[in-house]
Amino acid sequence: MESKQTAPLPAKPAGPSPRKEAGIKTCIFDKLGGRHVIATAVNIFYAKLITDFRIANFFEGVDMHKLKLKQVFFMQYAFGGPNEYTGKELAEAHAHLVRDKGLLPMHFDIVLEHFMHTLQELNVAQEVLEEAVATVASTKSVIFPPHLVAAARQHGSDSDFDDFEEPDGLEVARTEMTENLVAIQE
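Each residue of the sequence shown is one higher than the last, beginning at 1 in the UniProt record's numbering.
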């Protein structure tokens, strides 16, 4: 049995954040406005994804209601809100798309662009938008781990992974996100 290549996000008890109860908006979840705003964003976001010819094929045959619900719970958790996510780890959840449908980092970038535009449509403050986009962007290396990139390069697929390098500042954003998640748990 192979060991997993990615570590899950740290466990967090279900329920409201103690910081939120105290009226302190420190996490992205709170800054966005909570679950209602995330659910609205997910609906707009997936409407964009399934109508984009470049990525629509990844959603063929998918129960979109179930996928959206999982996405709301995942984003809620990833953005520092209550942990109600019970789905697979990101690498496992996307492995079949990489293996069977040809999901590539360039597709991730398209998805990230739609996510950013969704938050812009919802008039999310620029600072919060940047935090949320950086959080989502940080998952790229989980979905496309180095061993997958290396295997693709060995098989002559370099061009598909040329833009795989993380943008400047992403490591800082990832560290801040992790620190925020840990602080919320304490």
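A virtual CB, placed ideally from N, CA and C, is assigned to each residue, including glycine.
> A134 lies in the alpha helix (DSSP H); which residues open and close that run?
Replying inline: 126-137
> Which term fits D158, buried or exposed, when burial requires 16 or more other beta carbons within 10 angstroms of its beta carbon?
Replying inline: Its pLDDT being 46, under 50, D158 is placed unreliably in this model, and the coordinates cannot settle the point.
>> Spatial neighbours of H94 within its chain, please: C-beta separation below 6 Å, excluding the five flanking residues on both sides.
In response: I143
> In chain order, what residues of the same chain lie with their CB nearer than 7 Å to the CB of G169, ignoring the 5 residues before and after it?
Replying inline: Low confidence applies here, because G169 scores a pLDDT of 46, under 50, leaving its location unreliable; read the following figure in that light. Here the set comprises nothing.
>> Report the start-end ranges of each alpha helix (DSSP H) in the region 26-61 that is 4 residues or longer and not cut off at the edges.
In response: 28-32, 35-51
> Start and end of the alpha helix (DSSP H) containing L119?
Replying inline: 105-121
> Taking one C-beta from the region 101-110 and one from the region 118-131 each time, how about it: are there three or more such pairs within less than 8 Å?
Replying inline: no
> Does the beta-carbon distance from L49 to H96 come in below 7 Å?
Replying inline: no
> With a CB to CB cut of under 7 Å and the five nearest residues on each side skipped, what residues in its chain are close to F45?
Replying inline: H114, F115, T118
>> Under 8 Å, with one C-beta from each stretch per pair, do the region 75-89 and the region 26-40 reach the 3-pair mark?
In response: yes
>> Rounding to the nearest angstrom, what Cα-Cα distance links V42 and L69 in this structure?
In response: 9 Å
>> I need the DSSP call for Y77, collapsed to helix, strand or coil.
In response: helix
> If you count every other CB in all the chains shown that lies within 10 Å of the CB of residue 217, and 16 or more means buried, which is it?
Replying inline: Residue coverage of the chain in this structure runs from 1 to 186, which leaves residue 217 outside it and unanswerable.
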